[in-house]
Amino acid sequence: MYPPFLTFDTHIDIPWPEKTPEGLPVWERTDETERTSLWDANTKRRFTIPKARMGGLTSVCLTAYSPQGPLTDEGHQAAWKRVNAMLQAICSIPQEAPEGESVSLCIKADDIIQTVSDGGISITPVIENGYPLGEDPARVAFLAQSYGVRYITLTHNGHNLLADSAVVKGGEITKHGGLSSLGREVIGEMNRNGVLVDISHGAVETMMQAVTCSAVPVFASHSCVRALCDHPRNLTDRQLEVLADAGGVVQITAMSPFLKRGGGGTLEDLMAHIRYAVELVGVEHVGISSDFDGGGGIKGWVDASETAHVTQALEKAGFDKSEQQALWGGNMLRLLAQAELYKTR
Ligand SMILES: [Zn+2]
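With positions in the sequence shown counted from 1, the corresponding number in the working numbering is that position plus 7.
Structure, rendered in structure tokens:
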């Protein structure tokens with residue numbers, strides 16, 4: 008059983024963490040000069056704790072993101088340093104909470120449920136892009152044990168050593184024809200360490216092969232429906248069916264260009280994608296994510312303070328309470344628990 012209104016947003020970016028001369032953390036977006044705080048409601052940042060409180064957003068995956076760089080030792084080392092720094096910043100958030108605010112780092116599904124039952128906000132650390140792993144699958148265990156990383160998005164835009172990306176950044180259309188042998192080895196390590204495989208950003212072949220390669224259902228942390236919006240980042244009906252048949256989940260995301268050709272996506276468009284996916288593969292294989300501070304945010308769900316609008320829209324779309332809870336994190340919690348079970352088998 009989940010507590011009433013556990014809302015679990017599975018993909019939120021964090022800005023590059025900086026420190027003031029006094030050693031206090033400051034969060035700076037690379038695309039904005041404004042310095043923003045996670046504890047401030049009055050900031051351009053779409054996700055902050057006060058905004059989450061305002062909107063009733065209870066649980067989030069915060070992602071340590073690496074842009075795709077050169078496939079060289081130097082490139083991999085720089086990305087490894089960056090991802091470690093970002094994960095340290097994510098893991099230190101609860102210690103920075105002001106008096107009276109309760110924020111917890113939650114690694115297991117049960118911890119998320121407990122934190123929300125107790126009135127807290129849960130943060131789960133994750134990684135977007137397997138690029139920082141370089142050629143070393145053992146880094147998966149290190150990340151899981153050191154920071155509690157619960158999913159890794161195999162690729163970002165551009166192929167890496169693990170797999171082909173849906174979005175080609177110059178050069179060849181395909182590098183590995185899906186997963187590389189290193190990518191398969193990494194998925195095995197992810198399974199053994201309770202880390203879920205995120206196929207968002209992956210090429211079609213990458214996704215299809217990951218489904219059969221992984222011992223635990225794979226999922227898409229932030230993708231939409233290709234039939235409604237022809238974008239290479241979106242999943243075709245066939246992909247959605249294969250994902251669902253294997254027990255996976257697609258977390259439909261509030262990213263305007265994925266919702267509507269030409270952009271300008273709204274909450275109604277988000278609901279249209281959710282409804283389509285639910286009708287095609289069933290409510291137990293669909294969820295929700297914002298991609299806030301990574302390009303996400305739409306009219307009606309512009310930032311975390313408007314999260315209640317999403318729940319209202321689900322209600323209006325005719326989803327009953329248990330369906331709303333399944334979409335709002337129940338399905339994702341099931342996947343996390345499955346990965347935990349496989350790890351301890
Ligand atoms: Zn992304």
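Even for Gly, the Cβ is constructed at its ideal location relative to N, Cα and C.
(Q) With a threshold of 7 Å on Cβ separation, who are the neighbours of M214 within its own chain once the five nearest residues in sequence on each side are excluded? (A) The residue you call residue 214 lines up with position 207 of the sequence shown. Correct list, in chain order: I206, Q246.
Q: Answer with buried or exposed for E313, where buried requires no fewer than 16 other C-beta atoms within 10 angstroms of its C-beta.
A: What you label residue 313 is simply residue 306 of the sequence shown in a count that begins at 1. Flag for E313 reads buried.
Q | The beta strand (DSSP E) enclosing D80, as first and last residue numbers | A | Looking up residue 80 in the sequence shown gives position 73. No beta strand (DSSP E) contains D80, which is instead part of the alpha helix (DSSP H) from 80–99.
**Q.** Those runs of the beta strand (DSSP E) which lie wholly inside the region 116–157 and span at least 3 residues
**A.** 128–135
Q) For G107, which of G141, A333, P57 has the nearest alpha-carbon? A) For the purposes of this step, residue 107 is identified with residue 100 of the sequence shown, where counting begins at 1. If we check each option's Cα against that of G107, P57 comes out closest.
Q) Assuming G62 and A320 make a contact with CB atoms under 8 Å, what is their CB distance in whole Å? A) By 1-based counting over the sequence shown, the position of residue 62 is 55. By 1-based counting over the sequence shown, the position of residue 320 is 313. Going by Cβ atoms, the distance from G62 to A320 rounds to 13 Å, so no, they are not a contact pair.
Q) Is it buried or exposed for D298, if we count other Cβ within 10 angstroms and need 16 for buried? A) Numbered from its first residue, the sequence shown carries residue 298 at position 291. It counts as buried.
(Q) Among the candidates V317, L242, G178, S188, whose CA atom is the shortest distance from the CA of L334? (A) On the sequence shown, position 327 is the one that residue 334 refers to. Among V317, L242, G178, S188, the Cα nearest to that of L334 belongs to V317.
Q) DSSP on T318, reduced to helix/strand/coil? A) Residue mapping note: residue 318 aligns to position 311 of the sequence shown, counting from 1. In this structure, T318 counts as helix in the three-state DSSP scheme.
Q. Which term fits K328, buried or exposed, when burial requires 16 or more other beta carbons within 10 angstroms of its beta carbon?
A. Counted from its first residue, the sequence shown places residue 328 at position 321. Per the 10 Å Cβ criterion, exposed.
Q) If you run the structure through DSSP and keep just helix, strand and coil, what is Q258? A) For this step, residue 258 is matched to residue 251 along the sequence shown. Strand at Q258.
Q. Can you list, in chain order, the stretches of the beta strand (DSSP E) that have 3 or more residues and sit fully within the region 268–307?
A. 293–296
Q) Could you give the residue range of the beta strand (DSSP E) that holds A227? A) Counting from 1 along the sequence shown, the entry for residue 227 is found at position 220. Where A227 is concerned, the enclosing beta strand (DSSP E) stretches over 226–230.
Q | Range covered by the beta strand (DSSP E) that runs through F15 | A | What you label residue 15 is simply residue 8 of the sequence shown in a count that begins at 1. DSSP places F15 inside the beta strand (DSSP E), whose first and last residues are 15–20.
Q) Helix, strand or coil: how does DSSP classify I194 here? A) Residue numbering aside, residue 194 sits at position 187 when the sequence shown is read from its first letter. Under the three-state reduction of DSSP output, I194 falls in the helix class.
Q. If we call anything under 7 Å between Cβ atoms a contact, is N338 one with V256?
A. The residue you call residue 338 lines up with position 331 of the sequence shown. The residue you call residue 256 lines up with position 249 of the sequence shown. Yes, Cβ-Cβ distance for N338 and V256 is below 7 Å.
Q: Hey, could you find the ends of the alpha helix (DSSP H) D244 is sitting in?
A: Working through the sequence shown from its first residue, we reach residue 244 at position 237. 244–252 is the span of the alpha helix (DSSP H), which, as asked, contains D244.
Q) If A217 sits next to I194, beta carbons under 8 Å apart, how far is it from one beta carbon to the other, in whole angstroms? A) Residue mapping note: residue 217 aligns to position 210 of the sequence shown, counting from 1. Residue mapping note: residue 194 aligns to position 187 of the sequence shown, counting from 1. Going by Cβ atoms, the distance from A217 to I194 rounds to 6 Å, so yes, they are a contact pair.
Q: Identify whether S188 lies in helix, strand or coil by the three-state DSSP scheme.
A: Residue numbering aside, residue 188 sits at position 181 when the sequence shown is read from its first letter. In this structure, S188 counts as helix in the three-state DSSP scheme.
Q: Excluding the 5 residues preceding and the 5 following Y154 in the sequence, name in chain order all residues of the same chain whose CB lies nearer than 7 Å to its CB.
A: Start at 1 with the first residue of the sequence shown, and residue 154 comes out as number 147. Excluding positions up to five away in sequence, the list reads L94, C98, P132.
Q: Mind checking who D205 pairs with in its DSSP beta bridge?
A: Here residue 205 corresponds to residue number 198 of the sequence shown, with the count starting at 1. D205 pairs with T160, F226.
Q) Apart from the five residues just before and just after H83, which ones in its own chain have a Cβ nearer than 6 Å to its Cβ? A) The residue given as residue 83 occupies position 76 in the sequence shown. Once the five neighbours on either side are set aside, the close Cβ partners of H83 are G141.
Q: Can you tell me the Cβ-Cβ gap for G336 and F15, rounded? I've got them flagged as a contact below 8 Å.
A: Here residue 336 refers to the residue found at position 329 of the sequence shown. Here residue 15 refers to the residue found at position 8 of the sequence shown. The pair is a contact, with the Cβ atoms about 3 Å apart (cut-off 8 Å).
Q: Starting from the N-terminal side, write out each stretch of the alpha helix (DSSP H) that is 4 residues or longer and does not extend beyond the region 37–71.
A: 56–62
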